[in-house]
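Working notes, beginning with the structure itself.
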Ligand SMILES: [Zn+2]
Ligand SMILES: [Zn+2]
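Numbering (our numbering), first residue to last: 1 to 344.
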């Protein structure tokens, strides 16, 4: 069968890989249909690593996907052949202290699709997954929508792990797919206002269209001055969704005393620099968000209810043989790209 493998920095090739066998007990064989191109895939594409995770070539990327169940192994009851499913790319052991505490996303033995040293990704025609990672899609959601459940689950989890956002003034720094998923998850919870900062103007326009109350390009305007002027009490919570050092500094300057910084973005460097004096005097809480936990079904429900709006996240769709082209486009932020989909 065919797979798309990363064979060097910024090089993707269609390769032939062995057919896969029957699924074992508790597993399913899935025909992959739609695969999303994620910012984290871009880190591997551009630099061959994220922190301590280093790619050994060739390597198959991809973790955001939906497909159709072809075969189910013994004991599988939640899905059956023919089921259309969204898939959670995180495979937890179910036995460690984290899993037992309901924190499967920080499982001590976690394997995550398309993560070097853990598991190959889903940029291939067929894949075997544990059945408990599969969530059946309702009829009105397409495979592309199913793929979007993974990025949307991250925004839902980020908002849930903060808590009640009702009547709060909130910042989102970075409006790629994850910033967009955070905004989508905030809106039904009735925040007082949401300020979005983003360096790409076309993404700011999307943010405004999605109901951001203030959309600022920090390359063109003084974000901190503008927010601190418009919001005398400053912000209650800021979601950092771009992995940028300057964004963390801005967040801390815009947060009110007692405010919370939620770090969702993945930086390409190893150490954050933090202004100790402000953090201490304002007693800022910093909380990291690690992917998502138990939010796939919430994402399916959210897409089912408000699908037409959220589907706009997908801006590009290509056949897998054109993966290199679309990765290059995402890498360069060309053609107003938000989320690109590779189909199999
Ligand atoms: Zn992703
Ligand atoms: Zn575990």
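Built from N, CA and C at the ideal position, the CB exists for glycine as well.
Only a predicted model underlies this, so the values are computations on that prediction, with no experimental measurement involved.
Practice task
Tell me whether the beta-carbon of residue 131 lies closer than 8 Å to the beta-carbon of residue 76.
Solution key: Yes, they are a contact pair.
Practice task
Measure the Cβ-Cβ separation of residue 99 and residue 63 and say whether it is below 8 Å.
Solution key: With respect to the 8 Å criterion, residue 99 and residue 63 are not classified as neighbours on the basis of their beta carbons.
Handout entry: For residue 15, the three-state DSSP class (helix, strand or coil)
Key = DSSP, read as helix, strand or coil, puts residue 15 in strand.
Problem - residue 346 Cβ short of 7 Å to ligand 2 heavy atom set - result: There is simply no residue 346 to check, as the chain begins at 1 and stops at 344 in what is shown.
Practice task
For residue 181, count neighbouring Cβ atoms within 10 angstroms of its own Cβ and tell me buried if that reaches 16, exposed if not.
Solution key: With a 10 Å radius around the Cβ and a threshold of 16 neighbouring Cβ atoms, residue 181 comes out buried.
Problem - Paired residues, beta bridge with residue 107 - DSSP - result: Residue 107 pairs with nothing; no bridge assigned.
Handout entry: the region 231–243 touching the region 252–268, judged by at least three CB pairs closer than 8 Å
Key = With the cut-off at 8 Å, the region 231–243 and the region 252–268 touch.
Problem - Span of the beta strand (DSSP E), counted from its first residue to its last, around residue 236 - result: First-last of the beta strand (DSSP E) with residue 236: 235–240.
Practice task
Starting from the Cα of residue 225, find the closest Cα among 116, 120, 161, 251 and give me that residue.
Solution key: With distances taken between Cα atoms, residue 225 lies closest to 251.
Handout entry: Residue burial classification, residue 30 (beta-carbon count within 10 angstroms, cutoff 16)
Key = Taking every protein chain shown into account, the CB of residue 30 has 16 or more other CB atoms within 10 angstroms, so this residue is buried.
Handout entry: residue 36 versus 19, 217, 11, 86, residue with shortest Cα-Cα distance
Key = For the set 19, 217, 11, 86, the Cα lying nearest the Cα of residue 36 is the one of 86.
Handout entry: Residue(s) in a DSSP beta bridge with residue 65
Key = Among the bridge pairs identified by DSSP, residue 65 is matched with 35, 87.
Exercise for the section: Tell me where the alpha helix (DSSP H) around residue 117 begins and ends. Expected result: Element bounds for residue 117: n/a, residue is neither H nor E.
Practice task
Identify every residue that forms a DSSP beta bridge with residue 287.
Solution key: For residue 287, which the question treats as bridged, DSSP gives the partners 262.
Problem - residue 64 CB to nearest heavy atom of ligand 1 below 7 Å - result: Residue 64 Cβ: within cutoff of ligand 1.
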